[in-house]
Amino acid sequence: MDLPGESQTRRRRGRRNPAAINRRKTPVDTVVAVSIICFQVLSIQAAAIQFTKEPKSQDALHGRSAMLRCEVSDPADIAYSWLHNGQPLESSERRFQEGSNLKFTAVDRRLDAGNFECVAQNTASGEMLHSTNASFNIKWLESGGVTLKEPSSEGEIESSAPVTLRCHIDGHPRPTCQWFKDGLKLTEKSHQINNKERTLTFKSASPDDNGLYYCCAKNAAGHVCSNSNFTLNIIGVCVCVCVCLCMTVC
1 MDLPGESQTR RRRGRRNPAA INRRKTPVDT VVAVSIICFQ VLSIQAAAIQ FTKEPKSQDA
61 LHGRSAMLRC EVSDPADIAY SWLHNGQPLE SSERRFQEGS NLKFTAVDRR LDAGNFECVA
121 QNTASGEMLH STNASFNIKW LESGGVTLKE PSSEGEIESS APVTLRCHID GHPRPTCQWF
181 KDGLKLTEKS HQINNKERTL TFKSASPDDN GLYYCCAKNA AGHVCSNSNF TLNIIGVCVC
241 VCVCLCMTVC
């Protein structure tokens, strides 16, 4: 049989102070809480930069305006820059950064060839994100002259010999070429025209072919005509037959 004092002592020993329990758990709870906070911060930082708009490859016309766009979901503390073929892009009056976008007042088929890339950097965390590459499919059309391709010089042109003229208009996509003589359009039915090589061939040239020849071409970029033309002037060959009459006087 327990004495009354002993029972109360055991009951007091069996009780646990809630405050003491909480004090013992506080360091563990703190570590867990800090870990969770750190994880959340890292998670937020890892997802801080996300592109909502990235530059897209597109068609463009030489000499016309264009825009490559770049945006992130949270623009706070974000600095934008652009790369061209992997190198930092230098702004000019023709091509410059406008906000986060890259603006072209006049696309150039030579200067703007290659890949463009947007770079977004968080100035607070130092995090940096590169966009996908984008490029222009630049359509262009450039005028040129009509020259003699065959024979090599005008002095070698002969009647009844082949003569080939070439149109030096060029572009992308490949332009469709048309030939004209003295302002009249020539057809493939009556003349040997090679659209791929942009040539006009006379298999057997004659004075009937004499005249002023020029070419015009068109594609998605527009329509132009040759800036210098060719005048064909074949001199006919006069063949004189001398008949000698021999009279024998008997």
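The sequence shown runs contiguously to residue 250 in the UniProt record's numbering. Glycine included, C-beta positions come from ideal geometry on N, C-alpha and C.
Residue i (DSSP reduced to helix, strand or coil)
i, result
"Glu90", "coil"
"Gly99", "coil"
"Glu158", "coil"
"Asp74", "coil"
"Asp170", "strand"
"Asp209", "helix"
"Asn219", "strand"
"His191", "coil"
"Asp59", "strand"
"Thr231", "strand"
"Ala134", "strand"
"Lys196", "coil"
"Leu186", "coil"
"Ser125", "coil"
"Ala48", "coil"
"Ser143", "coil"
"Ser152", "coil"
"Ser81", "strand"
Straight-line gap, residue i to residue j (C-alpha atoms, nearest Å)
i, j, result
"Glu90", "Val119", "14 Å"
"Gln50", "Ala79", "13 Å"
"Gly99", "Leu129", "17 Å"
"Ile193", "Cys216", "13 Å"
"Glu71", "Leu102", "11 Å"
"Glu142", "His191", "25 Å"
"Glu188", "Leu200", "9 Å"
"Ser65", "Ala106", "5 Å"
Start and end residues, beta strand (DSSP E) containing residue i
i, result
"Thr201", "199-202"
"Leu111", "Neither: Leu111 is in no beta strand (DSSP E) and is coded neither H nor E."
"Asn122", "116-122"
"Gln178", "176-181"
"Lys53", "51-53"
Cβ separation of residue i and residue j, assumed to be a contact under 8 Å, to the nearest whole Å
i, j, result
"Gly211", "Leu232", "6 Å"
"Ile234", "Ser159", "5 Å"
"Cys225", "Arg198", "That pair is no contact at about 13 Å."
C-beta atoms of residue i and residue j nearer than 8 Å
i, j, result
"His62", "Lys181", "no"
"Ser131", "Glu54", "yes"
"Asp59", "Asn133", "no"
"Leu184", "Phe230", "no"
"Leu83", "Glu127", "no"
"Val146", "Ser228", "yes"
"Gly155", "Asn219", "no"
The ligand HEM heavy atom lying under 7 Å from the CB of residue i
i, result
"Thr132", "In the structure shown, the ligand HEM is absent, as is every other ligand, since no ligand is present at all."
is_contact[residue i, chain C] using C-beta, thresh 8 Å
i, result
"Ser81", "This model lacks chain C altogether, as it is built from one protein chain only."
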